[in-house]
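Numbering of the sequence shown is given in the working numbering, commencing with residue 7 and proceeding in unit increments. Glycine included, C-beta positions come from ideal geometry on N, C-alpha and C. Everything below concerns the one structure shown next.
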Amino acid sequence: MRETFVGKWWGEVADRPGFDTSLLTAISAMRGLLLMARAVGLSEGDLEAEWSGVRDRLVLIFREFDPDGV
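Structure below.
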């Protein structure tokens, strides 16, 4: 439900003239963090965030722990 609200809000705000795209980048990063935090809460794993100079954005990496090593 939160994802739908954020996506809807993002679309409405982004359509406004003069909207700062750097804010869109921040919103996108926050949305990703919220979704990844939810994934971490539902399973065991490790969440890392690093800045990608190639993509010029924050990249989130989630590694799920596999107790069986498969």
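Original post:
What distance in whole Å lies between the Cβ atoms of Leu64 and Ala35, which are believed to be in contact at a cut-off of 8 angstroms?
Top reply: Translated into positions along the sequence shown, residue 35 becomes position 29. Translated into positions along the sequence shown, residue 64 becomes position 58. Between Ala35 and Leu64 the beta-carbon gap is near 5 angstroms, inside 8 angstroms, which marks them as a contact.
Original post:
What is the rounded straight-line gap between the Cα of Leu39 and the Cα of Ala55?
Top reply: Residue mapping note: residue 39 aligns to position 33 of the sequence shown, counting from 1. Residue mapping note: residue 55 aligns to position 49 of the sequence shown, counting from 1. In this model, Leu39 and Ala55 are separated by some 9 angstroms (Cα to Cα).
**OP:** Identify whether Arg69 lies in helix, strand or coil by the three-state DSSP scheme.
**Re:** Position 63 of the sequence shown holds residue 69. Strand at Arg69.
Original post:
Under the DSSP definition of a beta bridge, which residues are partnered with Asp62?
Top reply: Along the sequence shown, read from residue 1 onward, the residue named residue 62 stands at position 56. Note: Asp62 is not bridge-paired with any residue in the DSSP secondary-structure output.
Original post:
Can you give the Cα-Cα distance for Ile67 and Arg37, rounded to whole angstroms?
Top reply: Stepping through the sequence shown from its first residue, residue 67 is reached at position 61. Stepping through the sequence shown from its first residue, residue 37 is reached at position 31. In this model, Ile67 and Arg37 are separated by some 14 angstroms (Cα to Cα).
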